[in-house]
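Shown next, in structure tokens, is the structure this report addresses.
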Amino acid sequence: TNTFDYTTYHSLDEIYAFMDLLVAENPNLVSKLEIGQSTENRPLYVLKFSKGGTNRPAIWIDTGIHSREWVTQASGVWFAKKIVQDHENDEGLASILDKMDIFLEIVTNPDGFVFTQTQNRMWRKTRSKRSGSLCIGVDPNRNWDAGFGGPGASGNPCSETYHGPYANSEPEVKAIVDFVKSHGNIKAFISIHSYSQLLLYPYGYTRTPVPDQKELHEISEKAVAALSSLYGTSYKYGSIITTIYQASGGTIDWTYNQGIKYSFTFELRDTGRYGFLLPAKQIVPTAQETWLALQVIMQHARDHPY
Amino acid sequence: TETFVGHQVLRIVPTTDEELQKVEELQNLEELQLDFWLAPRGLGHPVDVHVPFPSLQPVKAHLEANGISYSIMIQDVQALVDHEQTEMLRSRRQLPLS
């Protein structure tokens, strides 16, 4: 994986091959789990980074749940390599891994991702098909059992924010739900999207502030400061509903309601020149700056066990 | 494969409630096949909308008739998609994964 090209976008097969190679190169640190299968029967792979022990407190990071947000899957690949490269020489990361495991799902919506590479670069949703429906796909970030079906999602199957026929109808979502419930010891959950440069925390489906709002806001402030320190990329931060708009059935609203206090969503670059078509040369700088913010969140979770 | 020749992405920054409302009206016109990359979310926040070529004229007419300024963020979506594909192919040729 030292010769892997992190400065370009890759196909699903190339990313899956990268994952296998990373595991083969680092058998004592990295393993690959299959947590389920997508609508089109593609495996849903999660990389586990662990120094040992069983069911330790853990951090979850996912990228690519909206398939067209290519900079996120590409950043996920870079994060995986970064964890391997730095797990001994970076004191902060080493101390996180001394106490916690990290789970990283790089291609959270493989069917949609393949579709963006073969049929429609702008595809966002899953590729589930239901009888009687004209249109295909569900927005996997409106399909969670948190305010499901409320304002901030659409009941129209042709809409980009269609919430689906019922909560967890999408196997890509259900797989994570089952994993989180069965693991039972995840302490931080970070779901990465693009674009518009935001760091968000719950809630999206209600204006009621979360009980931990003050702490999450403070963490966000520190994380954004760390991110911006590298290249000056400007971020805003706050709760989903106050920072962007009402969105129901969202990932981190569900994870927070599961008791995972440190639940965050990132919206990575672009600043407003390329949108989802962010040039590949911005992959590495985007991943580098995001990593600094992720480390702030992970270190806070390490230092504040609950 | 879906192509985006002549498609543009317009950036609109609503500055009044009335402008915001006019932009939100566009969201309900399904026949225009608009794809809101950044949905309307309040005054001063950019709205990025991917407009298929056939809808460009009516959308721009709607905005101009209501005095809503906009900029063209992406002149031709297909050109960027093509560039992205070229980059990926170049990389594949250079460094196939061992």
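Each protein sequence line maps, in turn, to chains A and B. Quick note: the first sequence uses this note's numbering, first residue 595, plus one each step. Quick note: the second sequence uses this note's numbering, first residue 1252, plus one each step. Think of the CB as a built atom: it goes at the ideal place given N, C-alpha and C, for glycine as much as any other residue. These numbers were taken from a predicted model, which means no experiment stands behind them.
Residues near residue i by beta carbon distance below 7 Å, same chain, minus five either side
i, result
"A:Gln882", "Leu824"
"A:Asp695", "Lys642, Phe643, Ser644, Arg650 and Ala652"
"B:Arg1341", "none"
"A:Thr720", "Thr633, Asn703, Asp705, Gly706, Gly731, Val732, Pro734, Glu764 and Glu766"
"A:Thr601", "Ala874, Lys875, Ile877 and Val878"
"A:Gln893", "Gly686 and Ile690"
"A:Trp557", "Limits of chain A in this structure are 595 at one end and 900 at the other, which puts residue 557 of chain A out of reach."
"A:Thr551", "The structure shown has nothing for residue 551 of chain A, since chain A only spans 595 to 900."
Opening and closing residue of the beta strand (DSSP E) in which residue i lies
i, result
"A:Glu861", "Tyr856 to Leu862"
"B:Met1324", "Tyr1321 to Ile1325"
"B:Trp1288", "Asp1286 to Leu1289"
"A:Ser625", "Val624 to Gln631"
"A:Lys830", "Lys830 to Ser833"
6 Å CB neighbourhood of residue i in its chain, flanking five on each side removed
i, result
"B:Pro1305", "none"
"A:Trp664", "Tyr603"
"B:Gln1345", "none"
"B:Gln1287", "For clarity, residue 1287 of chain B is Phe in the given sequence; the question names Gln instead. The answer, listed in chain order, is Val1300."
Contacts around residue i, its chain only, beta-carbon distance under 8 Å, and the 5 residues preceding and following it disregarded
i, result
"B:Ser1349", "Low confidence applies to B:Ser1349: its pLDDT is 45, below 50, so where it sits in the model is not reliable enough to give any reading."
"A:Tyr756", "Lys719, Cys729, Gly731, Val732, Asp733, Arg736, Ala747, Ser748, Gly749 and Asn750"
"B:Thr1266", "Leu1294 and Gly1295"
"A:Asp614", "Lys626"
"A:Leu606", "Arg636, Val701, Pro704, Phe707, Val708 and Gln711"
Per DSSP, the bridge partner or partners of residue i
i, result
"A:Phe697", "A:Lys642 and A:Trp654"
"A:Ala688", "Beta-bridge pairing links A:Ala688 to no other residue."
"A:Ala782", "A:Ile653 and A:Tyr856"
"A:Val804", "According to DSSP, A:Val804 bridges with nothing at all."
"A:Pro637", "A:Gln631"
"A:Ser763", "A:Ser763 is not bridged to any residue."
"A:Ser823", "For A:Ser823, which the question treats as bridged, DSSP gives no partner whatsoever."
"A:Ser748", "A:Tyr756"
Backbone secondary structure at residue i - three-state DSSP
i, result
"A:Trp738", "coil"
"B:Arg1262", "strand"
"A:His898", "coil"
"A:Lys768", "helix"
"A:Ser790", "coil"
"B:Ser1349", "Residue placement at B:Ser1349 cannot be trusted, given a pLDDT of 45 that sits under 50; the coordinates are not used to answer."
"A:Ser753", "coil"
"B:Asp1333", "helix"
"A:Tyr795", "strand"
"A:Ser776", "helix"
"B:Val1300", "strand"
"A:Arg718", "coil"
"A:Ala817", "helix"
"B:Arg1292", "coil"
Element boundaries [alpha helix (DSSP H), containing residue i]
i, result
"A:Asp680", "Trp664 to Asp680"
"B:Ser1306", "Phe1304 to Ala1316"
"A:Tyr850", "Thr845 to Asn851"
"A:Tyr610", "Leu606 to Glu619"
"A:Phe542", "Limits of chain A in this structure are 595 at one end and 900 at the other, which puts residue 542 of chain A out of reach."
"A:Leu728", "Premise fails: A:Leu728 is in no alpha helix (DSSP H) and is neither H nor E."
"B:Gln1272", "Asp1268 to Gln1278"
"A:Val708", "Pro704 to Thr712"
Taking contact to mean 3 or more Cβ pairs, one atom from each stretch, closer than 8 Å, check whether the segment 849-863 of chain A and the segment 1282-1299 of chain B are in contact. no
On the three-pair Cβ rule with 8 Å, is the segment 808-826 of chain A touching the segment 673-680 of chain A? no
Below 8 Å, how does it come out for the segment 749-768 of chain A and the segment 714-727 of chain A: are there three or more Cβ pairs, yes or no? yes
Touch check for the segment 841-848 of chain A and the segment 738-745 of chain A: three-plus C-beta pairs under 8 Å? yes
At least 3 beta-carbon pairs within less than 8 Å: the segment 1255-1275 of chain B vs the segment 1321-1329 of chain B: yes
Give a yes or no on contact between the segment 706-715 of chain A and the segment 620-629 of chain A, applying the rule of three or more CB pairs nearer than 8 Å. no
Given 8 Å, three or more beta-carbon pairs between the segment 782-792 of chain A and the segment 861-873 of chain A: yes
Touching by the beta-carbon criterion (3+ pairs, under 8 Å), the segment 795-803 of chain A and the segment 830-838 of chain A: yes
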